[in-house]
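Q:
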Amino acid sequence: MISLEILEDIKGKVRPELENRLRKEDKYIIDGDEIGLKDEYYQKQTRIALKNCDIIDPKNIEEYIAMDGYSSLGKIVTTMKPKEVIDIVKESGLRGRGGAGFPTGRKWETAYEYDADKKYVICNADEGDPGAFMDRSILEKDPHAVLEAMAISGYAIGSDQGFIYVRAEYPVAVQRLKLAIEQAKELGVLGNNIFGTDFNFDIELRLGAGAFVCGEGTALMESIEGKRGMPRTKIYRTAHRGLWQKPTIINNVETFANIPVIFQKGVDWYRSIGTEKSPGTKVFALVGKVQRADLVEVPMGMSLREIIYELGGGVPDGKRFKAVQTGGPSGGCIPEELLDTPVDFESLGKIGSIMGSGGMVVMDEDDCMVDIAKFFLDFTVDESCGKCVPCREGTKRMLEILERITEGNGKEDDIDKMEKLAETINSASLCGLGQTASNPVLSTLKYFRDEYEAHIKDKRCPAGSCSELLRYFITDKCIGCTKCKKVCPVSCISGKVKEIHIIDEDICIKCGACADACPTNAIIRK
Amino acid sequence: MEFIFNKEEHKEEIQKFEIFIEENKDKPGALMPVMQEAQEIFGYLPMEILQLISRRLNIPLSEIYGVATFYSQFSFIPTGENKISICLGTACYVKGAEGILEEIENQLGIKRGGTTPDLKFSIVDTRCLGDCSLAPVFTINNDVYPNVKREDIKGILEKYR
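Listed in order, the protein sequences are those of chains A and B.
First residue of the first sequence? That's 1 in this note's numbering, and the numbers climb one at a time after it.
First residue of the second sequence? That's 1001 in this note's numbering, and the numbers climb one at a time after it.
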């Protein structure tokens, strides 16, 4: 049977081996108890949820133990009462990293207070926001942190059964989790009589099947129950009646990954990082038009500018920054003038975006904001489950308006219409997907209204991205090589050899093949 | 086009699948894992198999159909030998994923969600593969193709023909 002594033994044996292995490569800093990644890039970050990632071998439970893994669980089940565990999580101020920022401790407390013959712990690993991949990284590189945290929460609320609902699009994560659960059961940190107590906890993996809405808590529970993953009407909190109508807590992967560390290092340490209302760190997937696209973990409250320029290295190819999109399909586009906004739950909400799960997509001058809004609406229309009318019909109508605007058929009152529609969809939809579906439109309307107006009034796309609105011209740089004429699929280019060619705009389908073929960059689009 | 499921040819697979059902039918919420296993074994959900699931789990076929059509990973037509998953997430989109998809569609002569008549290739558009730092990205089976350009596509597909 596993005990704290055995854990210490394993650590004593494996830690030196791990350190020796790491010393062989010049990538790590080993400073007493702390092991970190060396590069200056990582020095600017504060890694809590990612602390073991790229350091330990995720396929080896002993290396996790060498980094103090499972010591929190051991300490908790042998020396603490469930209520004390909940109080610590509450005091830490940890808030849900899946998007909404609900206080984790309060969620646990609610589930703890309801008496029931069965309770459940769910890890929401259905990371569906396009542009976010921190949960995948944690599951692949540090799966035991999630298992340990789930067992801790099981102990706290009085549950003996956990589920991890993971996206089927993440096959490596699924493999690693399977292996980790097996190893944890073998060692006895999962299963019956954990650390010699009467606490039992088992974890089962459930795979998603490609439905974005299943990231919503109640839809996810419907899916585990084997039904269509449609959100429930929220009469009860899931901490009261969740999976199979039993008290259930559902937390996101990154939230769980913080738990073991909070118990190792204490509440005061944790609260010293981040801001008063949003303590700790947040992992962002800094991607899109940045020099260094990667995951970054920084203290809450860091400004968007610091993240994008100091960590991401700014926009590549000498292009001008236009906007950063945070929060996926529920979030918004933030313009240059607001880049000094600190990143925390409240500040991002105030400027019409959300923290969301931490996707941060940088866009440059070539990205059309109307087109981006259309991209997200297309996503929502596709992923709307169809249960409630405002979301099912409203998002579809909104997409149609955006489509006609980007095709050059926008009408004068389209902006008004979209604003009204947005209000209805936001206030009348059943779940978070619908309630936030218009954020991409509203935020781009707020900060980039002139782009909408240019599309509608002047039939022009300032970013040069909406193909229907583009016009191609051949300038006097043309050397008359006839290459463009040869590639044009509709033969709309005329001109003799060594003379300037001309595009017949009435026939041109704006495919751009001529511009790509031109050796002198004589063809421009406007 | 019409794809026909030959029960005789798949006899062994059906047997294997029946064992899986037997082992899992009593656990709560068994329908999803059972359908996922079927999709894994047969590459799609043939009508004959859906009827089998209905009988064994005692769930009406209509309800099974409802679940199967809700999730995009379940398919009623076979998936090709080589499954191309193209990422259409935000990061890939701003880096030109639509053009990549178009090129793959042109090269194979099928649209997204389709399978070539010789069952060699399927194209699936996924919402995000979670490889955003490698955008634009697509996968063929388990091979990941990062930072792809339109002109690379032909050569990549050639390897699987």
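For every residue, glycine included, the Cβ atom is placed at its ideal position computed from N, Cα and C.
As the structure is a prediction and not an experimental result, all values here were calculated from the model.
#1: Buried or exposed: which applies to residue 496 of chain A, given that a residue is buried once 16 or more other Cβ atoms fall within 10 Å of its Cβ?
#2: Using the beta-carbon of each residue, which ones in chain B are nearer than 7 angstroms to residue 116 of chain A?
#3: So which residues of chain B does residue 287 of chain A contact, with C-beta pairs closer than 7 angstroms?
#4: Residue 528 of chain A touches chain B at which residues, Cβ-Cβ below 9 angstroms?
#5: Return the residue from the list B:1048, B:1097 and B:1043 that minimises the CA-CA distance to residue 1082 of chain B.
#6: Between the C-alpha atoms of residue 266 of chain A and residue 372 of chain A, what's the straight-line distance to the nearest angstrom?
#7: Taking the CB atoms as reference points, tell me whether residue 1051 of chain B and residue 168 of chain A lie closer together than 7 angstroms.
#8: Does any CB atom of chain B fall closer than 7 angstroms to the CB of residue 390 of chain A?
#9: According to the Cβ coordinates, are residue 1131 of chain B and residue 1137 of chain B closer than 7 angstroms?
#10: Given residue 96 of chain A, which residues of its chain have a CB within under 7 angstroms of its CB, disregarding the five upstream and five downstream residues?
#11: Run through chain B and tell me which residues come within less than 8 angstroms of residue 363 of chain A, C-beta to C-beta.
#12: In the region 82-100 of chain A, which residues sit with their C-beta less than 7 angstroms from some C-beta in chain B, listed in chain order?
#13: Give, in chain order, every residue of the region 317-335 of chain A whose Cβ lies closer than 9 angstroms to some Cβ of chain B.
#14: Can you pull the chain A neighbours of residue 1074 of chain B, defined as C-beta to C-beta under 9 angstroms?
#15: By how many angstroms is the C-alpha of residue 221 of chain A removed from the C-alpha of residue 352 of chain A?
#16: Cutting at 7 angstroms between CB atoms, please list the residues of its own chain near residue 160 of chain A, excluding the five before and the five after it.
#17: Distance, Cα to Cα, residue 505 of chain A vs residue 473 of chain A?
#18: List the residues of chain B that residue 223 of chain A touches, going by C-beta distances under 7 angstroms, in chain order.
#19: Could you please tell me which residues of the region 168-194 of chain A, in chain order, have their CB closer than 8 angstroms to any CB of chain B?
#20: With H, G and I counted as helix, E and B as strand and the rest as coil, what does DSSP make of residue 67 of chain A?
#21: Going by CA-CA distance only, name the one from A:466, A:114, A:59 and A:112 that's closest to residue 175 of chain A.
#22: Please compile the residues from chain A whose C-beta is within a distance smaller than 8 angstroms of the C-beta of residue 1113 of chain B.
#23: Does any residue of chain A have a CB that is nearer than 7 angstroms to the CB of residue 1079 of chain B?
#24: For the beta strand (DSSP E) containing residue 333 of chain A, list its first residue and its last residue.
#25: Going by the CB atoms, is the gap between residue 1103 of chain B and residue 1153 of chain B shorter than 7 angstroms?
#26: Cutting at 7 angstroms between CB atoms, please list the residues of its own chain near residue 288 of chain A, excluding the five before and the five after it.
#27: Run down chain A in chain order and give the residues with a C-beta less than 7 angstroms from the C-beta of residue 1172 of chain B.
#28: Does the beta-carbon of residue 128 of chain A have 16 or more other beta-carbons within 10 angstroms, so that it is buried, or is it exposed?
#29: Secondary structure at residue 1160 of chain B, three-state DSSP: helix, strand or coil?
#30: Let me confirm a value: residue 401 of chain A is counted as buried when at least 16 other C-beta atoms fall within 10 Å, else exposed. Which label applies?
#31: Find out if the Cβ-Cβ distance for the pair residue 479 of chain A, residue 493 of chain A is shorter than 7 angstroms.
#32: So is residue 352 of chain A in contact with chain B if we call contact Cβ pairs under 7 angstroms?
#33: Contact check, residue 1034 of chain B vs residue 1021 of chain B under 8 angstroms by CB: the rounded distance?
#34: For residue 359 of chain A, which of A:344, A:368, A:321 and A:331 has the nearest alpha-carbon?
#35: Which residues does DSSP pair with residue 970 of chain B in a beta bridge?
#36: Give me the chain B residues within the contact set of residue 74 of chain A, using Cβ-Cβ distance strictly less than 8 angstroms, ordered along the chain.
A: Let me lay it out:
#1: exposed
#2: Here the premise fails: no neighbours, minimum Cβ distance about 15 angstroms.
#3: 1091, 1132, 1133 and 1135
#4: This structure does not reach residue 528 of chain A, given that chain A is present from 1 up to 526, and the question cannot be answered.
#5: B:1043
#6: Spanning the two alpha carbons is a distance of roughly 43 angstroms.
#7: no
#8: no
#9: yes
#10: 102, 104, 251, 252 and 255
#11: 1094
#12: none
#13: Result list: 325, 328 and 329.
#14: 209 and 210
#15: 29 angstroms
#16: The answer, listed in chain order, is 154, 200, 201 and 202.
#17: 9 angstroms
#18: Listed along chain B are 1032, each with a C-beta nearer than 7 angstroms to that of residue 223 of chain A.
#19: 168, 169, 170 and 171
#20: coil
#21: A:59
#22: Correct list: empty, because the minimum Cβ distance to chain A is about 12 angstroms.
#23: no
#24: 332-335
#25: yes
#26: 361, 362 and 363
#27: Not covered by the structure: residue 1172 of chain B. The range shown for chain B is 1001 to 1161.
#28: buried
#29: coil
#30: buried
#31: no
#32: No, its Cβ sits nowhere closer than 7 angstroms to a Cβ of chain B.
#33: Confirmed, about 6 angstroms.
#34: A:331
#35: Absent from the structure is residue 970 of chain B, since the part of chain B shown begins at 1001 and ends at 1161.
#36: Here the premise fails: no neighbours, minimum Cβ distance about 30 angstroms.
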